[in-house]
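When we follow the working numbering, the leftmost residue of the sequence shown carries the number 1413, and every step to the right adds one.
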Amino acid sequence: MDFLKEKLEKTSRQVKEAVGLRKNDPTIMNANEKELVDIGHQIRNDYYNLAAYSDYWANFLQNFQTQWDQLGNAIALYAHNQYTDPTRMDRIAELQKNLQQLLTVIIQNCRVGLADFSQRMKTYDIANLRKTQEELETARLRADRFNYKLSKYSKKSHPKPEKLTTYQEEYNKLKIIYDEAIINYNNQLKMLELKSQEVVFYANQLRDQIAKFFTEGKTYIERFNLEFGDQVFKETLINRLALDNLSMGNLNINDPLPPPSTTLNQIPIVPQQ
């Protein structure tokens, strides 16, 4: 990180020296304008992060919902394949699906709301802000260069009035360009401030939907508990009978389980008729 910082500082210094400026030379940018520039850079970083994270959240929730749906299907399939009375397992699968369906609105608000909005901001508004920042920096460097040349030339013992006037006029033109760039930059920041209210809106909407997910999810679970309580399954696993073993084809499905120590190989074989 320190290496990267040194490289950036070196590049900045080389650019300034190329236009006749040094690191400690005065600049026309005042403290308030410098603060505006810093705020703009922070806003850029924030929107880049928001776009990346909100897209990640939407994809994560989508994947989570898909896996949850697959789990519900697996529960239902398991119940019908393994139990003679799959009622309760079906209700567990239904509960599972009801809960995962609550995620749909959250995903929509995250993807269509926060994620899409932040991506649009990154693609257009923040891209324009970056362009304005570059134009502002160029205008500042050019104005600083002529300000430096004007100051240096005016300190000569016998400056030529014509050349001094030329420097002054050129500096005044560049100063006007710089001032206009600052005004444009400031207006863009104000517009971003207004648009940031939409970020707050989508974030609050997402928060409310997440709260609703837990509230309604709790209702589904409580309803399930009231319906079944401590009720046990009516039938144990069918695969206890090892139906894939043809030698056991005549066993009755209602036969009790063999003792725990008895293995399938020790169960008497019923001759086929």
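Glycine included, C-beta positions come from ideal geometry on N, C-alpha and C.
With H, G and I counted as helix, E and B as strand and the rest as coil, what does DSSP make of N1442?
Numbered from 1 along the sequence shown, position 30 holds the residue referred to as residue 1442. Secondary structure at N1442: coil, using DSSP grouped into helix, strand and coil.
Let's see if you can read the secondary structure: which residues bound the alpha helix (DSSP H) around Y1565?
Here residue 1565 corresponds to residue number 153 of the sequence shown, with the count starting at 1. Counting along the chain, the alpha helix (DSSP H) containing Y1565 begins and ends at I1538 to S1566.
DSSP three-state call for L1514: helix, strand or coil?
As a position in the sequence shown, residue 1514 is number 102, starting the count at 1. The answer is coil: DSSP assigns L1514 none of H, G, I, E or B.
Considering only the beta carbon of each residue, do L1398 and L1562 sit closer than 9 Å?
Residue 1398 lies beyond the stretch modelled for the chain, which goes from 1413 to 1685, so this question has no answer here.
For N1475, collect the residues of the same chain with a Cβ closer than 7 Å to its Cβ; drop the 5 residues on either side in sequence, then sort them by chain order.
Position 63 of the sequence shown holds residue 1475. Cβ within range, chain order: n/a, list empty.
Just the C-alpha distance for N1587 and K1543, rounded to the nearest angstrom, thanks.
Sequence index remark: in the sequence shown, residue 1587 carries index 175 (1-based). Sequence index remark: in the sequence shown, residue 1543 carries index 131 (1-based). First, the residue type needs correcting, since residue 1587 is Lys and not Asn in the sequence shown. Each residue's Cα considered, the two are about 19 Å apart.
Return the first residue and the last residue of the alpha helix (DSSP H) that R1523 is part of.
Here residue 1523 corresponds to residue number 111 of the sequence shown, with the count starting at 1. Counting along the chain, no alpha helix (DSSP H) covers R1523, and no H or E run does either.
Buried or exposed: which applies to S1569, given that a residue is buried once 16 or more other Cβ atoms fall within 10 Å of its Cβ?
Here residue 1569 is taken as the residue at index 157 of the sequence shown, counted from 1. Exposed, because fewer than 16 other Cβ atoms sit within 10 Å of the Cβ of S1569.
Give me the residue from D1497, D1450, H1492 and K1509 with the minimum Cα distance to Y1632.
Working through the sequence shown from its first residue, we reach residue 1632 at position 220. Measuring from the Cα of Y1632, the nearest candidate turns out to be K1509.
Count the other CB atoms within 10 Å of the CB of A1443; is the residue buried (16 or more) or exposed (fewer)?
Here the question's residue 1443 lines up with position 31 in the sequence shown. The residue is exposed, with fewer than 16 neighbouring Cβ atoms inside 10 Å.
Reduced DSSP secondary structure (H/G/I, E/B, other) of P1573:
Translated into positions along the sequence shown, residue 1573 becomes position 161. Assigned with DSSP and collapsed to three states, P1573 falls in helix.
Using beta-carbon positions only, say whether M1533 and L1638 come within less than 9 Å of one another.
Looking up residue 1533 in the sequence shown gives position 121. Looking up residue 1638 in the sequence shown gives position 226. Not in contact: M1533 and L1638 (Cβ atoms no closer than 9 Å).
Pair within 9 Å by beta-carbon distance, W1480 and L1526
As a position in the sequence shown, residue 1480 is number 68, starting the count at 1. As a position in the sequence shown, residue 1526 is number 114, starting the count at 1. No.
Alpha carbons only, please: which of D1467, D1497 and Q1512 is nearest the one belonging to Q1477?
Position 65 of the sequence shown holds residue 1477. Q1477 has its Cα closest to that of Q1512, out of D1467, D1497 and Q1512.
Taking the straight line between their C-alpha atoms, what separation do you get for A1551 and I1589?
The count along the sequence shown starts at 1 and reaches residue 1551 at position 139. The count along the sequence shown starts at 1 and reaches residue 1589 at position 177. Rounded to the nearest angstrom, the gap between the Cα atoms of A1551 and I1589 is 7 Å.
Cα-Cα separation, F1636 to L1618
Position 224 of the sequence shown holds residue 1636. Position 206 of the sequence shown holds residue 1618. In this structure, the straight-line span from the alpha carbon of F1636 to that of L1618 is close to 27 Å.
Within the same chain, show all residues whose beta-carbon is closer than 7 Å to that of M1603, passing over the 5 residues directly before and after it, in chain order.
Position 191 of the sequence shown, counted from the start, is the residue given in the question as residue 1603. Correct list: empty, nothing qualifies.
If you compare alpha carbons, which of I1519, D1497, Q1494 and A1488 is closest to L1507?
Start at 1 with the first residue of the sequence shown, and residue 1507 comes out as number 95. Considering only alpha carbons, the answer is A1488.
To the nearest angstrom, how far is the alpha carbon of R1652 from that of R1500?
Here residue 1652 refers to the residue found at position 240 of the sequence shown. Here residue 1500 refers to the residue found at position 88 of the sequence shown. Because the pLDDT at R1652 is just 44, under 50, the model does not fix this residue reliably, and the point stays unresolved.
Can you check whether the CB of V1517 is closer than 9 Å to the CB of Q1621?
Locating residue 1621 in the sequence shown gives position 209, where the first residue counts as 1. Locating residue 1517 in the sequence shown gives position 105, where the first residue counts as 1. Yes, the Cβ-Cβ distance between Q1621 and V1517 is below 9 Å.
Taking its Cβ as the centre, do 16 or more other Cβ atoms sit within 10 Å of P1438, making it buried, or is it exposed?
Here residue 1438 corresponds to residue number 26 of the sequence shown, with the count starting at 1. Classification for P1438: exposed.
Give the DSSP-derived three-state secondary structure of D1467 in the structure shown.
By one-based count along the sequence shown, residue 1467 stands at place 55. Here D1467 sits in helix by DSSP.
Taking the C-alpha atoms as reference points, what is the distance between C1522 and S1530?
To locate residue 1522, count along the sequence shown from 1; it is residue 110. To locate residue 1530, count along the sequence shown from 1; it is residue 118. The alpha-carbon atoms of C1522 and S1530 are separated by roughly 10 Å.
Of the residues G1484, A1539, Q1580 and L1483, which one's Cα is nearest the Cα of R1557?
By 1-based counting over the sequence shown, the position of residue 1557 is 145. The candidate whose alpha carbon is nearest that of R1557 is Q1580.
I need the straight-line Cα distance from G1452 to E1549, nearest angstrom please.
Your numbering for residue 1452 matches position 40 in the sequence shown. Your numbering for residue 1549 matches position 137 in the sequence shown. The alpha-carbon atoms of G1452 and E1549 are separated by roughly 13 Å.
Residue environment, Q1559, which counts as buried when at least 16 other CB atoms sit within 10 Å:
Locating residue 1559 in the sequence shown gives position 147, counting from the first residue. The question names Gln, but residue 1559 in the sequence shown is Asn. Counting Cβ neighbours within 10 Å, N1559 comes out buried, since at least 16 surround it.
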